[in-house]
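End of the sequence shown sits at 163 in full-length UniProt numbering; the numbers just go up one at a time, nothing left out. Read through the structure below, which is laid out as structure tokens, and then see the notes.
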Amino acid sequence: MADSSFDIVSKVERQEVDNALNQAAKEISQRYDFKGTNAKIEWSGEKILMQASGEERVKAILDIFQSKLIKRGISLKSLDVDGEPQLSGKEYKLFASIQEGISQENAKKVSKVIRDEGPKGVKAQVQGDELRVSSKSRDDLQAVITLLKNQDFDFALQFVNYR
1 MADSSFDIVS KVERQEVDNA LNQAAKEISQ RYDFKGTNAK IEWSGEKILM QASGEERVKA
61 ILDIFQSKLI KRGISLKSLD VDGEPQLSGK EYKLFASIQE GISQENAKKV SKVIRDEGPK
121 GVKAQVQGDE LRVSSKSRDD LQAVITLLKN QDFDFALQFV NYR
């Protein structure tokens, strides 16, 4: 009998992020507390730019954007905020980016957890920016998924191609 397997990936649906960004921009344009603060959120190349006339306003924009991401089912672990708001002229700006793919060191962390705490006979191998986990027993694969869901990694994980 062939081995069963699944892939561990860290992917974000770009359209969902776009929808969350548009919803946040609409809310910012309509809210009374943002009137006259020049507040906006938009794509700036591959990054998301949030800007307003005050530091706390920029943080409020980030908070709105994060709530929209959560509502759309996107993990906040995939949102990478670049430090604190920076003063640029009269405006405060904050950049954020969306992290995709599992880096080599993160893939090693995940495979070490599988090796150390997972069932025997489960193999994990790195394939580019994803991780393939295989075993003869489907129950062992279910146990690995449960194990990884209970771990607190600093990046988002999804489980795909279960076969």
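No residue lacks a Cβ here, since even glycine has one placed at the ideal position from N, Cα and C.
Since residue i is in the beta strand (DSSP E), which residue starts that stretch and which ends it?
i: Q158; result: Q158 to V160
i: Q125; result: K123 to Q127
i: Q86; result: Q86 to S88
Which same chain residues, not among the five before or five after residue i, have their C-beta less than 8 Å away from its C-beta?
i: residue 236; result: Given that the chain is displayed from residue 1 to residue 163, the structure contains no residue 236 and the question cannot be resolved.
i: Q104; result: V126
Near residue i, what residues of its chain come up, given a Cβ to Cβ distance below 6 Å and the 5 sequence neighbours on each side ignored?
i: D129; result: G101 and I102
Should residue i be labelled buried (16 or more other beta-carbon atoms within 10 Å of its own) or exposed?
i: Y92; result: buried
i: I70; result: exposed
i: V160; result: exposed
i: N150; result: exposed
i: S135; result: buried
i: N38; result: exposed
Tell me whether residue i sits in a helix, a strand or coil according to DSSP, three-state version.
i: S137; result: coil
i: residue 165; result: In the structure displayed, the chain extends from 1 to 163; residue 165 sits before or after that span and is not available.
i: R14; result: helix
i: S75; result: coil
i: A39; result: coil
i: S97; result: strand
i: R57; result: helix
Note the first and the last residue of the continuous alpha helix (DSSP H) segment covering residue i.
i: Q104; result: Q104 to E117
Have a look at the DSSP bridge pairing and note the partners of residue i.
i: K47; result: S44
i: F153; result: Paired residue(s): none; F153 is not in a bridge.
i: D80; result: S97
i: Y92; result: A52 and L87
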